[in-house]
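Structure first, commentary second.
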Amino acid sequence: MYIHGSFLSQQSDTITVHIVTGNDRAQTIEIGTEKADVYFSEDPAEIENEVNDTFDVLLRNSAKIRLLCGNLITNLFSTSCRDAVVNIYKNDTCIFAGFIEPQTLSQPYNTRWDELELNCIDALSALQYSKYKNVGALGVIYAFVKAEAAQRSFYDIATEILQGVTKGLDILGNQNIKFWYDGSKAVDAQTANRYQVFKQLSISDLLFLGDDESDVWQQDEVLEELLKYLNLHIVQDGFNFYIFSWESVKATPDKIIWHDIVANSTKTTAQQAVTIALANVADCDTTISIGDVYNQLLLTAKVENIESVIESPLDDDLLVSPYINKQKYLTEYSSDGEGKTAYNAFYAMTHNQKTTYGAGAITDWYLQVMRNKQWTFPMKGNTDIDIVDYFGSEGTNQHALPDWLGQAPGAAIMALGSVKMNTANDDNSPTSKVNMTNYLAVSVNGNGIDNDENKTYPSVADIQKNIPYAVYTGNKAGGVFSPSDEKTTNYIVLSGKVILNPIMRQTNTYTNLHNKKWHGGLPMDLKENEIYVWHKTVPSRNNGDGRYYTRQYWQAETPDKEVSWHEGADSGFYPYTGEGPEEYEFKYSAVGDSTDTISKVAVLACMLVIGDKCVVETGTDGQTTDFVWQKYKERSECQSDDEYYQQCFTIGFDPKIGDKLVGTEFSIQNNIDYKMGIDAEGIAIPITKGDKISGQVRFMILGPVNATWDVITRRHPTFFRHTKWSSSSVPLLAHVSSILIKSFEVKVYSDNGLISNGNDDNDIIYMSDTKETFVNKKDDLEFKINSALTATECAQLGVSNTVKLSTPLNISTGDGVLEVYDRNGNVKAKPEQIYVDSYYIEYHKPRIVMEQKLRDIDNVVSLFNHYRHEALGKEFFVQGIGRNLIEGRADLTLKEIGT
């Protein structure tokens, strides 16, 4: 519906009101016509100033339109903020553009004409009704928005918000929305950069998106924090938005040169020094008061620290299973020894018979496949097919995925737990709980052949064609990772446990052991349906003679149904039991050298990209000096796979002399010593100021490292290749069934410039100085966007340095923002300091606040004029303007300009 009408003010100005509801003009109502039966009331329209004080960043206005209605107009009820657009014109100039406030309309229906009051809000006020990026609106899904979050300029963020709320704001369609900036803040004093600060600073979308949908910032909060950081304010005047500092307004009247940050046009506002006199006042009703006085201001930096660089694939809070519960997947039958007693006990176990053999065990393994929405696990390297989605989409046949991993390369997250029963039956207490542990399992399925390069599995080609094994698709961290000075080093630390799970050979498959006859004679006399079991033992950690051992696999359509033997399935996945073989003892760091100088056995190759940089491991020891940051090149920019995949680093472990490489649980290699100044253990990747690391984080597990063992371990610069084969070389992967990772985390730390002051938990507070005995504090000031700190500044403030999501980036330098240039004060300083200084100057002395009514005529009433009251001998600037449109009156809130 389109509603419009005009009336004359007492100053002979034509005031026109336009309203469009539901973006539909099919029906038209002209106010003041008998046909419409809608008229303006005696006090038809006014604009109200909603500014509280000069601390306000968004200087909002509202409007009231009063109509006399003979009929009910239901279209004027707005369910959402932007349903009904309102424009108010004074002659040919739009003086208010906004919306009918949603869900507030109440129309009486008692007399011939009932007065209907429409409460209207301007575009800046309307921002409070929308979340950042319009999350929660129809078709806007939080997970998708967060996945696409990036480091974006202040300009992109602010204009997206402002252009979004002003789309369709011009009802007549003959005006351009303008966003004027006074150029009072810049990255430096260069003239060319005066109006470019919004395009030269950036911050991560993630700051505004929070940890979940309920934490997403409202759009007005985002715009407010961007401008507050630069001590700027924004006011709407019709279709013009002005971004300015109070210092520009309070300066000696001259002119303000504005620059449209979108259209790149300029205009000049001549500032008038208007003396309040009988000729321009509307009445004698002047209100004078003393504004608030504070002799100390405390500004708290609400820091959003980055702790985790990525969400761990094993984070309990993020794991959800496509299956309703765990289920029994595998049973191990083990009988230590190779004599008759062990043999007979093993026979009983595999034929559902009882045995009391003291060295026998039956272990049931329970499994639950898990999904982490921040990670995908490509099937055979195809990133379009996720293994968990492929097998678990219907929540049935949970055994299918681990069965597949037992025969094919891939990766998945599984919770594993076991219940072990000793066949001696000397303890009949029930097991009350199956303790489940989350693992990231990377299947290898080595074939044990290490004397023939052509027959060894996995080969170079086998690994290469299955890259990548896991891809991080989340978006947890962004912002500036590099420190702000040369004294400080930040570190990305990867920690957890890693296991090269050995090939667990069996006496025979359970299917054969259960279904075929055990031959009691010599092996050469076997008949067709017989197997030979006697002395067919495999290595045991508990018995030098070995053990009889096999595995039985189970299946169930759904976990709530009874499992049944998965007959014929004898080659599925099996967990690390801690009882299988341990192979390849680490004896020497180099031939003839029995000291431990080897720092890392590489296990998994990973790719970490932040912004446009990636980590490259140049050495093989995993020391901090082995890691460098270099420009990341997409595959299309590289000449070969080798060139592309050499943009990676490896996760591994640091064995001690005597450790067995395969079959042992190791902590991920630690390259951190106490001199580095961080409280962490794991692989530390340093980030310096010169690295200029910032932006979105991408992470992939490319695949297992094709290391060889030849008394010492070696690896090729390209992880999926192996070093030159020799007669004594052993490819480690050929003896590995899977690689298991648990307790995996990727976090970020700062060495704080090697300053330890015990102030890790202190808030960052910027405080004005005061010498008065009585202190009236204003301590509710807060910056949610905060500047970077050098090590020296941290020491001065008594805080510890951290990597912050809430720190903006200077796009041209690639560094966190330490200072900005204030053109009014001709000073370069921290934005927090500029902010505190500005308000201390304004509020540390009593200032007169005056409400004055003036005739609303050209050159007299302006947001940027100065007003002088001769009787008081004071000069004032405009804090806000309201208007009574029928009287042609402007209600100015003025504040004394002081020093």
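In terms of my numbering, the sequence shown is residues 51 to 949. Glycine included, each C-beta is placed from N, C-alpha and C at the ideal position. All of these numbers come straight from a predicted model, not from anything done at the bench.
Would you mind sorting residue 401 into buried or exposed? The rule is 16 or more other CB atoms within 10 Å of its CB.
exposed
Can you tell me whether residue 337 is buried or exposed? The criterion is at least 16 other CB atoms within 10 Å of its CB, across all chains shown.
Residue 337 sits exposed, since fewer than 16 C-beta atoms from the chains shown fall within 10 Å of its C-beta.
Can you tell me whether residue 542 is buried or exposed? The criterion is at least 16 other CB atoms within 10 Å of its CB, across all chains shown.
buried
Using the Cα positions of residue 826 and residue 193, report the straight-line distance between them to the nearest angstrom.
Answer to the nearest angstrom: the Cα atoms are 46 Å apart.
Counting Cβ pairs closer than 8 Å, one from the segment 440-453 and one from the segment 600-608, do we hit at least three?
Verdict: yes, contact present.
Report the residue ranges of all alpha helix (DSSP H) runs contained in full by the segment 629-702; include only those spanning at least 4 residues, in chain order.
Counting only runs of 4 or more residues that sit fully inside the segment 629-702, the alpha helix (DSSP H) segments are 691-695, in chain order.
Reduced DSSP category for residue 235 - H, G, I as helix; E, B as strand; rest coil:
strand
Nearest-angstrom Cα distance between residue 923 and residue 330?
18 Å
Taking one C-beta from the segment 380-399 and one from the segment 409-418 each time, how about it: are there three or more such pairs within less than 8 Å?
Yes, the segment 380-399 touches the segment 409-418.
Rounded to whole angstroms, what is the Cα-Cα separation between residue 990 and residue 458?
With the chain covering 51 to 949 only, the question about residue 990 has no answer from this structure.
In whole angstroms, what is the alpha-carbon distance linking residue 640 and residue 790?
Because the pLDDT at residue 640 is just 44, under 50, the model does not fix this residue reliably, and the value given afterwards should be weighed accordingly. The straight-line gap from Cα to Cα measures roughly 28 Å.
Could you give the residue range of the alpha helix (DSSP H) that holds residue 956?
Residue 956 lies beyond the residue range present for the chain, which begins at 51 and ends at 949; the question has no answer from this structure.
Along the chain, where does the alpha helix (DSSP H) that runs through residue 296 open and close?
Counting along the chain, the alpha helix (DSSP H) containing residue 296 begins and ends at 296-300.
Counterpart residues of residue 55 in DSSP-defined beta bridges
Paired residues: 67.
Using a threshold of 7 Å, state whether the C-beta atoms of residue 485 and residue 465 are closer than that.
no
Residues bridged to residue 43 [DSSP beta-bridge criterion]
Beyond the ends of the chain as shown, which are 51 and 949, falls residue 43; an answer cannot be given.
Any idea what DSSP makes of residue 769, helix, strand or coil?
Residue placement at residue 769 is flagged as unreliable, the pLDDT there being 49, under the threshold of 50; the coordinate-derived value follows with that caveat. If DSSP states are grouped into helix, strand and coil, residue 769 belongs with coil.
Does the beta-carbon distance from residue 376 to residue 418 come in below 7 Å?
Taking C-beta atoms as the reference points, residue 376 and residue 418 count as a pair closer than 7 Å.
Assign residue 866 to one of three DSSP states: helix, strand, or coil.
It is a strand residue.
By a C-beta neighbour count over all protein chains shown, 10 Å radius and 16 as the cutoff for buried, is residue 769 buried or exposed?
Because residue 769 carries a pLDDT of 49, less than 50, the predicted location of this residue cannot be relied on, and the following value inherits that uncertainty. Using a 10 angstroms sphere on the CB of residue 769, the tally of other CB atoms reaches 16 or more, which defines it as buried.
State buried or exposed for residue 58, treating a residue as buried only when at least 16 other CB atoms are found within 10 Å of its CB.
exposed
Looking only at its own chain, which residues have a Cβ that is under 6 Å from the Cβ of residue 340, when we skip the five neighbours before and after it?
896
DSSP beta-bridge partners of residue 15
Because the chain spans 51 through 949 in this model, residue 15 falls outside it and cannot be assessed.
Three-way DSSP call (helix, strand, coil) for residue 131 in this model
coil
Are there three or more Cβ pairs, one per stretch, closer than 8 Å when the segment 499-513 is compared with the segment 698-705?
no
How long is the line joining the alpha carbons of residue 362 and residue 756, rounded to whole angstroms?
25 Å
Using the beta-carbon count (16 or more within 10 Å), is residue 242 buried or exposed?
exposed
If I measure Cβ to Cβ from residue 328 and keep anything under 8 Å in the same chain, skipping five residues before and after, which residues do I get?
none
Report buried or exposed for residue 222, applying the criterion of at least 16 other Cβ atoms within 10 angstroms of its Cβ.
exposed
Counting C-beta neighbours from all protein chains within 10 Å, is the total for residue 188 16 or more, i.e. buried, or is it exposed?
Around the beta carbon of residue 188, fewer than 16 other beta carbons sit within 10 angstroms, so the residue counts as exposed.
Residue ranges of each beta strand (DSSP E) within the segment 881-937, 3 or longer
Fully enclosed beta strand (DSSP E) runs of 3 or longer: 898-905, 916-919, 924-934.
Leaving out five residues on either side along the sequence, give the residues of the same chain with a beta carbon under 6 Å from the beta carbon of residue 918.
325, 925
Cut-off 8 Å between Cβ atoms - residues of its own chain near residue 365, not counting five sequence neighbours on either side:
422
Between the alpha carbons of residue 473 and residue 185, how many angstroms are there, rounded?
59 Å
Tell me, please, whether the segment 577-593 touches the segment 388-400 by the rule of three or more beta-carbon pairs shorter than 8 Å.
yes
If I follow the unbroken alpha helix (DSSP H) through residue 276, where does it start and stop?
In the DSSP assignment, residue 276 falls within the unbroken alpha helix (DSSP H) covering 269-279.
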